[in-house]
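For reference, the structure is listed below as structure tokens.
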Amino acid sequence: MASRPYDRTGSPQPVPAVLRHLQLVLWSTACIGSLIVVTIFWGALLLDQFLVADEFKLRYILFPQAFGVIYLFFNVGWYYLAPDDDRLIYIILDWEDNTLGACIYAFGAILVGAPLFGLVHLGLFRLRESVYHNRLARTSKAAAEAQSIELKESDQA
Numbered sequence: 004m005a006s007r008p009y010d011r012t013g014s015p016q017p018v019p020a021v022l023r024h025l026q027l028v029l030w031s032t033a034c035i036g037s038l039i040v041v042t043i044f045w046g047a048l049l050l051d052q053f054l055v056a057d058e059f060k061l062r063y064i065l066f067p068q069a070f071g072v073i074y075l076f077f078n079v080g081w082y083y084l085a086p087d088d089d090r091l092i093y094i095i096l097d098w099e100d101n102t103l104g105a106c107i108y109a110f111g112a113i114l115v116g117a118p119l120f121g122l123v124h125l126g127l128f129r130l131r132e133s134v135y136h137n138r139l140a141r142t143s144k145a146a147a148e149a150q151s152i153e154l155k156e157s158d159q160a
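For the sequence shown, position 104 matches number 107 in the working numbering, and the numbering has no gaps at all.
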């Protein structure tokens, strides 16, 4: 049996060097790929926030909360009515073995997460509106000045 190479501390490595290098290549590729996907996703989300001209009001935060409550009922119903091998949709929502953790997670998402992210969404909406109105005010002022100059020139002619 071939001996395994040793690491810097002198301990034998549990995995052959070729497999270790393959693991490092695959791991770094997956991490960088994940960061690229996340960056594109958040960039598209922010672009959507600044381009879509729909109004967002504070009371709209209730919509994701209502969806969360409906999904909570669905998830609990599915857990208790589905076949045993297909009960868990998400490990964290294990209503039998980890009831307290599932309740904390579900109600935390509904009562804290949805309002918190709703406020972030509202902040982005207000930022977009502020940028739009400042830009509109500057272009309106510039247009008014240009029109005033044209009127003065036509009066002098």
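Beta carbons: idealized from backbone N, C-alpha and C, even for Gly.
All of these numbers come straight from a predicted model, not from anything done at the bench.
Take the alpha-carbon of P17 and the one of I107: they are about 39 Å apart. F53 sits away from R141, with the two beta carbons spaced by 9 Å or more. Contact check between the region 147 to 154 and the region 78 to 98: fewer than three CB pairs, one atom from each, fall below 8 Å, which does not count as touching. Under a 10 Å Cβ-count criterion, A56 is classified as exposed, with fewer than 16 other Cβ atoms of the shown protein chains found around its own Cβ. Here A85 carries a coil assignment [DSSP, helix/strand/coil]. The C-beta separation of A105 from G71 comes to about 13 Å, leaving the pair out of contact by the 8 Å criterion.
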